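>
Numbering (this note's numbering), first residue to last: -19 to 182.
1) Closest to residue 136 by CA distance: which of -11, 0 and -9 is it?
2) With DSSP run on the structure shown, which of helix, strand or coil describes residue 71?
3) Measure the beta-carbon distance from residue 90 to residue 147 and round it to whole angstroms, keeping in mind my assumption that it falls under 8 Å.
4) Residues in the same chain with beta-carbon distance under 7 Å from residue 15, minus the five sequence neighbours each way, listed in chain order, please.
5) Classify residue 27: buried if its beta carbon has 16 or more other beta carbons within 10 angstroms, exposed otherwise.
6) Taking the straight line between their C-alpha atoms, what separation do you get for residue 70 and residue 167?
7) Taking the beta carbon of residue 182 as the centre, do at least 16 other beta carbons fall within 10 Å, making it buried, or is it exposed?
8) Between the region 99 to 111 and the region 52 to 59, are three or more C-beta pairs nearer than 8 Å?
9) Out of 45, 30 and -2, which one is the CA nearest neighbour of residue 159?
10) Under 7 Å Cβ to Cβ from residue 117, same chain only, skipping five residues before and after it: list those, please.
11) For residue 80, count neighbouring C-beta atoms within 10 Å of its own C-beta (all shown protein chains included) and say buried if the count is 16 or more, exposed if not.
12) Quick check: what's the CA-CA separation for residue -18 versus residue 74?
13) Mind reading off the beta-carbon distance from residue 49 to residue 21? Whole number of angstroms is fine, and I expect it under 8 Å.
14) With a cut-off of 8 Å on the beta carbons, I'd call residue 43 and residue 17 a contact; round off their distance for me.
15) Among 11, 130 and 37, which residue has its Cα nearest to the Cα of residue 164?
16) Leaving aside the five residues before and after residue 32 along the sequence, list all residues of the same chain whose C-beta is less than 6 Å from its C-beta, in chain order.
17) Residue 47 and residue 85: beta carbons closer than 9 Å?
18) Use the C-beta contact count for residue -9: other C-beta atoms within 10 angstroms, 16 or more gives buried, fewer gives exposed.
19) Kindly examine the ligand PLP and report whether one of its heavy atoms sits closer than 8 Å to the Cβ of residue 154.
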């Protein structure tokens, strides 16, 4: 006999019982080339000596983080689909999806921070309501807060939450596509050199 959502909500997780639809898009469908970013940069290094040595570690590290964010987001989507599959009370897929979303947000924020340090420029101010500010708040909640009356970070039909933040799945996906455009630039010799030649070294 399957568990009911009411039982799951009362005994295990109200958040898990409340999810009724999958608000996450397939990022591999929206950006199919993302699956090949790491192999592409490796081949570019071997056959074209690009990116050059002075920016190669930064480029590879940035690309691996954005690639991981895309992978983890799609894994989260698979778990959300499993969570809502038949309408019965489930909870394991919720926590698995949450873990994948936690990694997605962490990778996006650390990638952003690497650009900030490379460029010597802040891209948001605390409390400005930007996606970058929301990612920062979620990253810090996930990293530093403990679960007391509620989870430090959770997700709903709409997006990912902390006690003082909500970033919608639409916002996350839009930001991921912005990061994808930076990856494409790093894989393009002329664009990458123009963008990074005057940046301070990390």
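Don't be surprised by glycine CBs; every beta carbon is placed ideally from N, CA and C.
What you are looking at is a predicted structure, and each value in this text was computed from that prediction instead of being measured.
Based on what the coordinates show:
1) Here residue 136 is taken as the residue at index 156 of the chain shown, counted from 1. When each option's Cα is compared against that of residue 136, the closest is 0.
2) In the chain shown, the residue the question calls residue 71 occupies position 91. Coil, per DSSP.
3) What you label residue 90 is simply residue 110 of the chain shown in a count that begins at 1. What you label residue 147 is simply residue 167 of the chain shown in a count that begins at 1. No, residue 90 and residue 147 are not in contact; Cβ-Cβ is about 16 Å, not under 8 Å.
4) Stepping through the chain shown from its first residue, residue 15 is reached at position 35. Same-chain partners within the cutoff: 8.
5) By one-based count along the chain shown, residue 27 stands at place 47. Flag for residue 27 reads exposed.
6) The residue you call residue 70 lines up with position 90 of the chain shown. The residue you call residue 167 lines up with position 187 of the chain shown. In a straight line, the C-alpha of residue 70 is about 42 Å away from that of residue 167.
7) Stepping through the chain shown from its first residue, residue 182 is reached at position 202. Residue placement at residue 182 cannot be trusted, given a pLDDT of 39 that sits under 50; the coordinates are not used to answer.
8) no
9) Start at 1 with the first residue of the chain shown, and residue 159 comes out as number 179. Nearest option by C-alpha distance: 45.
10) Stepping through the chain shown from its first residue, residue 117 is reached at position 137. Excluding residues within five positions, the ones whose Cβ falls inside 7 Å are 142, 144 and 145.
11) Within the chain shown, residue 80 is the residue found at index 100, counting from 1. Buried, since its Cβ has 16 or more Cβ neighbours within 10 Å.
12) Start at 1 with the first residue of the chain shown, and residue -18 comes out as number 2. Start at 1 with the first residue of the chain shown, and residue 74 comes out as number 94. When only Cα atoms are considered, residue -18 and residue 74 end up about 16 Å apart.
13) Looking up residue 49 in the chain shown gives position 69. Looking up residue 21 in the chain shown gives position 41. Beta-carbon to beta-carbon, residue 49 and residue 21 are separated by about 16 Å, too far to satisfy the 8 Å threshold.
14) Stepping through the chain shown from its first residue, residue 43 is reached at position 63. Stepping through the chain shown from its first residue, residue 17 is reached at position 37. 5 Å between Cβ atoms; contact.
15) Taking the first residue of the chain shown as 1, we reach residue 164 at position 184. Closest in alpha carbon position to residue 164, among 11, 130 and 37, is 11.
16) Position 52 of the chain shown, counted from the first residue, corresponds to residue 32. Taken in chain order, the list of residues that qualify is empty.
17) Counted from its first residue, the chain shown places residue 47 at position 67. Counted from its first residue, the chain shown places residue 85 at position 105. No; because the gap between Cβ atoms is not below 9 Å, this pair is not in contact.
18) Numbered from its first residue, the chain shown carries residue -9 at position 11. So residue -9 counts as exposed.
19) As for the ligand PLP, it is missing from this structure, which has no ligand bound.
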